[in-house]
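Undergrad: Below you'll find the structure I mean.
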């Protein structure tokens with residue numbers, strides 16, 4: 669069976685030439701379905717992908733599930749839970765992600781939110797709007813703090829490394845124990861979460877969505893955290909029970925929290941989370957293509973995997 673590659677990535681002319689050179693003699697259709705700001709462009713004509721054996725980009729699952737020729741999907745996203753659902757891809761189709769592309773962007777966003785919370789900047793901004801000149805009291809530092817990265821992949825490691833530069837001790841939790849990578853002082857398993865929550869000054873979530881991670885931070889686990897701890901989420905909104913978090917913050921527990929992802933998205937206007945002064949909310953913008961380097965990394969991952977695919981070599985970031 670001959671190959672047909674459908675490339676939906678936002679490419680420069682030079683990058684398009686690289687993909688063409690990587691697959692000489694192979695038909696490639698180039699139709700960017702994500703613009704350079706990271707916004708997804710709807711696929712107006714699903715017949716454009718008919719016969720494709722390779723898709724580079726995150727096309728709708730309902731389109732891909734009816735593409736019997738598909739052998740491999742390379743997403744532009746790090747999260748692939750939508751494609752892991754039964755029937756989302758044809759039987760036997762391989763799935764690879766863009767894990768590693770978003771780490772710097774999301775880690776820097778979480779780090780900025782953390783420092784803002786530690787120095788009470790959201791509350792000072794509220795006072796500025798109210799023309800109020802008032803000292804809000806003590807602030808926090810990362811020097812000597814214990815930072816718990818729940819999800820010690822690319823994002824968790826990069827975020828922890830930033831915290832280390834300011835004197836924090838960094839602990840990573842993941843499914844399996846391995847030697848600590850750069851940025852982390854220790855690695856433990858996720859089933860030790862309950863033991864580490866009472867010890868952490870900062871808890872940063874960077875988890876994919878799986879049945880085990882949905883509401884992993886429920887009321888019971890929020891109650892395990894220190895009263896003056898800070899909670900951050902840059903993974904999936906479903907990791908935190910929103911009602912439990914709202915109640916925890918309402919009664920004055922936790923120094924603060926920052927969410928770039930929520931359950932659901934967009935956050936309903938009626939959610940009590942909007943009106944909490946020590947909570948930073950951003951509309952799922954930590955990743956995306958807000959940094960040019962992110963787009964370049966997505967393209968580089970896809971190009972390397974395409975070369976591997978055509979050479980019959982194992983693919984990187986294999987999820988299925």
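Numbering (our numbering), first residue to last: 669 to 988.
Glycine included, C-beta positions come from ideal geometry on N, C-alpha and C.
State whether the region 810 to 824 contacts the region 859 to 871, with contact taken as three or more CB pairs (one from each stretch) at a distance under 8 Å.
TA: As far as the Cβ criterion goes, the region 810 to 824 touches the region 859 to 871, which means the pair count is three or higher.
Undergrad: Going by beta carbon distance, what residues of the same chain come within less than 6 Å of residue 753, once the five residues before and after it are set aside?
TA: Result list for residue 753: empty, nothing under 6 Å.
Undergrad: Helix or strand or just coil, what does DSSP make of residue 708?
TA: In the structure shown, residue 708 sits in a strand (DSSP, three-state: E or B).
Undergrad: How would you write the range of the alpha helix (DSSP H) that residue 864 sits in, first residue to last?
TA: 861 to 864 is the extent of the alpha helix (DSSP H) around residue 864.
Undergrad: Could you please give me the residues that DSSP links to residue 673 through a beta bridge?
TA: The partner list for residue 673 (beta bridge, DSSP) reads 696 and 722.
Undergrad: Closer than 6 Å by C-beta to residue 874: which residues in its own chain qualify, once you throw out the five before and the five after it? Chain order, please.
TA: Hits under 6 Å: 819, 823, 824, 902 and 903.
Undergrad: Which partner residues does residue 852 have in the DSSP bridge list?
TA: None; residue 852 has no bridge partner.
Undergrad: What are the start and end residues of the beta strand (DSSP E) that includes residue 870?
TA: Where residue 870 is concerned, the enclosing beta strand (DSSP E) stretches over 870 to 873.
Undergrad: Please list, in chain order, all residues of the same chain as residue 755 whose beta carbon is under 7 Å from its beta carbon, the five residues on each side excluded.
TA: Excluding sequence neighbours, residue 755 sits near 733.
Undergrad: Between 938, 899, 848 and 763, which lies nearest to residue 929 when the distance is taken from Cα to Cα?
TA: Here the closest residue by C-alpha is 899.
Undergrad: Quick one: give me the first and last residue of the alpha helix (DSSP H) that residue 912 is part of.
TA: 910 to 918 is the extent of the alpha helix (DSSP H) around residue 912.
Undergrad: Could you tell me the boundaries of the alpha helix (DSSP H) in which residue 774 lies?
TA: Taken as a continuous stretch (DSSP letters only), the alpha helix (DSSP H) holding residue 774 covers 771 to 786.
Undergrad: Taking DSSP as the reference, what is the three-state secondary structure of residue 967?
TA: Helix.
Undergrad: To the nearest whole angstrom, what separates the beta carbons of residue 687 and residue 974, a pair I think is in contact under 8 Å?
TA: Right, their Cβ atoms sit about 7 Å apart.
Undergrad: Measuring straight from C-alpha to C-alpha, what distance separates residue 906 and residue 775?
TA: Rounded to the nearest angstrom, the two C-alpha atoms are 19 Å apart.
Undergrad: Just curious, the beta strand (DSSP E) that residue 817 is in, first and last residue?
TA: Here the beta strand (DSSP E) through residue 817 covers 814 to 818.
Undergrad: Per DSSP, what are the beta-bridge partners of residue 925 in this structure?
TA: DSSP output for residue 925 lists 899 and 947 as bridge partner(s).
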